[in-house]
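The numbering used here numbers the first residue of the sequence shown as 222 and each following residue consecutively.
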Amino acid sequence: MSKKIVILTGAGISAESGIPTFRDSGGLWENEPVQLVATPEGFESDPERVINFYNKRREALKNAEPNAAHHALVQLEEKFGDDFLLITQNVDDLHQRAGNKRVIAMHGELLKVRCLGSQEHVFHCTEDQPEKCPECGAKMRPHIVWFGEIPFEMDRIQKALAKCDLFAYIGTSGAVYPAAGFRQLAKLSGAHVVCLNLEEISGGYTDEFIKGKASEVVPKWVEEV
Ligand code: APR
């Protein structure tokens, strides 16, 4: 039987591509109150502020390129094929741009916007968010999962975690559920759990901690898998 691998990534994997993390010093949540820009209530009370926040992040993404850690995960996918799944909390497109195909963007995608009138009206968007839906004229919002909303593809994620032999979480502080609980689900399913991060993450359910910058430790680790 072949080995099944699930990877979970967070903001730390894109830090060396120039995209700020959320909770490190100088991170996004230091400068923008989460409640105002990343909740449905914040959007309801001041949509312009929220839309501007994501427009700016979308603009900044144009200057970012995938780094060695993103590229290494493409090699891992090439090696394991359908036994590989990459779950990312990141809304940047760096995994997809690097070439990963089996990716679940559980917190949404910065380069997509959607209509408030129909869940089916989701559009690719590389510039400022359009004011109205090109299909039906309704208001639009970023295609981002905010606090209090259910992440995408949870069924598929849970099934993959229940079946995996190896689970690695990379560049994530483990502060936000449900992603923070994935290592526990993987561990309870019998997987070997590895953390690759600048700092050790408390809370257990981790067999191995590899400390270092993602661009350095991920390629080395991938070679050994
Ligand atoms: N290499 C490896 N790890 C790094 C690097 C790096 N170069 N730089 C920072 N880190 C680590 C930090 O030490 C920290 O543990 O990455 C982690 C980043 O944590 P957060 O900023 O909390 O980001 P993340 O875990 O992805 O946040 C989860 O919170 O607000 C939400 O929706 C947002 O998806 C996000 C979620």
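Built from N, CA and C at the ideal position, the CB exists for glycine as well.
Bear in mind that the values here come from a model prediction, so they are computed numbers and not experimental data.
Q. For Val334, which beta-bridge partners are listed by DSSP?
A. Stepping through the sequence shown from its first residue, residue 334 is reached at position 113. Looking at the DSSP assignment, Val334 forms a beta bridge with Phe344 and Pro363.
Q: Grab the span of the beta strand (DSSP E) containing Lys432 for me, first residue to last.
A: As a first step, residue 432 is located in the sequence shown; it is residue number 211 there, counting from the start. Start and end: Glu429 to Lys432.
Q: Measure the C-alpha to C-alpha separation of Asp267 and Phe344 and round it to an integer number of angstroms.
A: Here the question's residue 267 lines up with position 46 in the sequence shown. Here the question's residue 344 lines up with position 123 in the sequence shown. Distance between the alpha carbons of Asp267 and Phe344: 22 Å.
(Q) Quick check on Arg377: buried or exposed, where buried means 16 or more other Cβ atoms within 10 Å of its Cβ? (A) Position 156 of the sequence shown holds residue 377. With fewer than 16 Cβ atoms within 10 Å of its Cβ, Arg377 is classed as exposed.
Q.
Across the segment 312-324 and the segment 386-397, are there enough close Cβ pairs to call them in contact, namely three or more that are closer than 8 Å?
A. For the pair of segments examined, the segment 312-324 was found not to touch the segment 386-397: the number of CB pairs separated by less than 8 Å stays below three.
Q) What are the boundary residues of the beta strand (DSSP E) that Ile422 is part of? A) By 1-based counting over the sequence shown, the position of residue 422 is 201. No beta strand (DSSP E) holds Ile422; DSSP gives it neither H nor E.
(Q) For the ligand APR, is there any heavy atom lying closer than 7 Å to the beta carbon of Phe243? (A) As a working mapping, residue 243 is identified with position 22 in the sequence shown. True, at least one ligand heavy atom lies under 7 Å from that Cβ.
Q. Does at least one heavy atom of the ligand APR sit under 7 Å from the Cβ of His292?
A. Your numbering for residue 292 matches position 71 in the sequence shown. Result no, Cβ not under 7 Å from the ligand APR.
Q: Determine the direct distance from the alpha carbon of Ala232 to that of Gly329, and round the result to whole angstroms.
A: Reading the sequence shown from its first residue, position 108 is the one you call residue 329. Reading the sequence shown from its first residue, position 11 is the one you call residue 232. Cα to Cα, the separation comes out at about 13 Å.
**Q.** Separation of Leu282 from Val334, as counted between CA atoms
**A.** As a working note, residue 334 is residue 113 in the sequence shown. As a working note, residue 282 is residue 61 in the sequence shown. Distance between the alpha carbons of Val334 and Leu282 is about 15 Å.
Q) Around the Cβ of Val255, are there at least 16 other Cβ atoms within 10 angstroms (buried) or fewer (exposed)? A) As a working mapping, residue 255 is identified with position 34 in the sequence shown. It counts as exposed.
Q: Return yes when at least one heavy atom of the ligand APR lies under 7 Å from the C-beta of Ser423, else no.
A: For the purposes of this step, residue 423 is taken as residue 202 along the sequence shown, with counting starting at 1. No, the Cβ of Ser423 stays beyond 7 Å of every heavy atom of the ligand APR.
Q: Give the single residue among Ile365, Phe388, Cys336 and Pro372 whose Cα lies nearest to the Cα of Gly358.
A: Mapped onto the sequence shown, residue 358 falls at position 137. Minimum Cα distance to Gly358 is reached at Cys336.
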